[in-house]
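For the sequence shown, counting from 1, position 84 maps to 84 in the working numbering; every step adds exactly one.
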Amino acid sequence: MEFAIGVYGRRPKKKVAENGDGGRMRDWLEWLRVVPWGIHDHLVYLKRTYPEIPPIYITENGVSDKNNCNLMPLQACHDTTRVRYHQDHLANVLKAIRKDKVNVRGYLVWSWCDNFEWTEGYTIRFGIIYIDFKNNLTRYPKDSTVWFAKFLKSKKKKSPFPPHSWIWFMSNKRQLEDNGENETQKWLKVAKA
C-alpha cells in the first residue's frame with residue numbers, strides 16, 4: 001500500500017507581511033503560498049501523526065506563471081522561478097528523508113506541460129514544457145525542463161534517495177503517451193548542450 005499527497009503551498013495561521021515568512025516567492029494564484037519548508041513540515045507531520053503511514057508519493061507539486069501573451073515562446077521558456085521552486089522543494093523533501101526518516105518514494109511535478117486549469121483556464125502556466133496555444137500546440141522545453149533533465153541524470157550516478165525510490169518530473173506516463181510523441185530524448189539532448 002502507498003500514500004499519495006499533492007502539495008502546493010502552506011497557508012499561515014496568522015497573516016504574515018509580504019516576504020515575512022522566509023522570502024516567499026510569488027505565485028499568480030491568490031490561494032497558493034510558496035513556502036518551500038512547508039513541504040518538509042507537512043511530511044514530518046504525516047509521519048509523526050500516522051507512525052504506520054505507508055511510503056509517500058508526492059503526486060503533485062508546482063508553481064504557476066502568468067501567461068504573458070506579449071512574450072515569444074522562447075522568451076517565455078525562461079522560468080527561473082520554477083527552477084528555484086523545485087530546487088527548494090526537493091531540498092526540503094530530501095531533508096525530510098535524511099533527517100526525519102520520512103519514507104518518501106516519489107515526487108511528481110505539476111505539470112509536465114502547460115494545461116487548462118479549472119479556475120484559471122489558460123491564463124496561467126504550471127508546465128515545465130511550454131505549449132504554444134496559438135500555433136498548433138507546439139511544445140518548447142523551458143529552463144525547468146533542462147534543469148530536471150540534468151537533475152535526473154545526476155541521480156543515476158549517486159542517488160540521495162532511499163533504495164527503490166524514484167523521482168519523476170511529469171504528472172504521469174499516460175499524458176506523454178496521449179500526446180503521441182516522446183519528448184524525453186529531445187529534453188536530454190537539450191540538457192547535454
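The beta-carbon is built from N, C-alpha and C at its ideal position, and this holds for glycine as well.
Integer Cβ distance of residue i from residue j, believed to fall under 8 angstroms
i, j, result
"residue 89", "residue 55", "Their Cβ separation, rounded to whole angstroms, is 18 angstroms, which puts residue 89 and residue 55 out of contact at 8 angstroms."
"residue 79", "residue 144", "5 angstroms"
"residue 46", "residue 140", "Actually they are not in contact, since the Cβ atoms of residue 46 and residue 140 sit about 36 angstroms apart, beyond 8 angstroms."
Nearest-angstrom Cα separation, counted from residue j out to residue i
i, j, result
"residue 44", "residue 137", "40 angstroms"
"residue 34", "residue 95", "18 angstroms"
"residue 113", "residue 93", "23 angstroms"
"residue 168", "residue 70", "For residue 168, the predicted model reports a pLDDT of 43, less than 50, meaning its position is unreliable; a value from the coordinates is still stated below. Rounded to the nearest angstrom, the two C-alpha atoms are 31 angstroms apart."
"residue 119", "residue 68", "18 angstroms"
"residue 101", "residue 116", "36 angstroms"
"residue 87", "residue 40", "13 angstroms"
"residue 97", "residue 148", "20 angstroms"
"residue 135", "residue 91", "37 angstroms"
"residue 164", "residue 99", "At residue 164, the pLDDT of 46 sits below 50, so the modelled position is not reliable; the number obtained from the coordinates is stated separately. Rounded to whole angstroms, residue 164 to residue 99 spans 19 angstroms at the Cα level."
"residue 38", "residue 104", "15 angstroms"
"residue 152", "residue 146", "10 angstroms"
Beta-carbon spacing of residue i, residue j below 8 angstroms
i, j, result
"residue 82", "residue 63", "yes"
"residue 133", "residue 111", "no"
"residue 121", "residue 58", "no"
"residue 129", "residue 66", "no"
"residue 108", "residue 52", "no"
"residue 77", "residue 150", "no"
Identity of the residue in the options nearest residue i by Cα
i, options, result
"residue 72", "131, 51, 85", "131"
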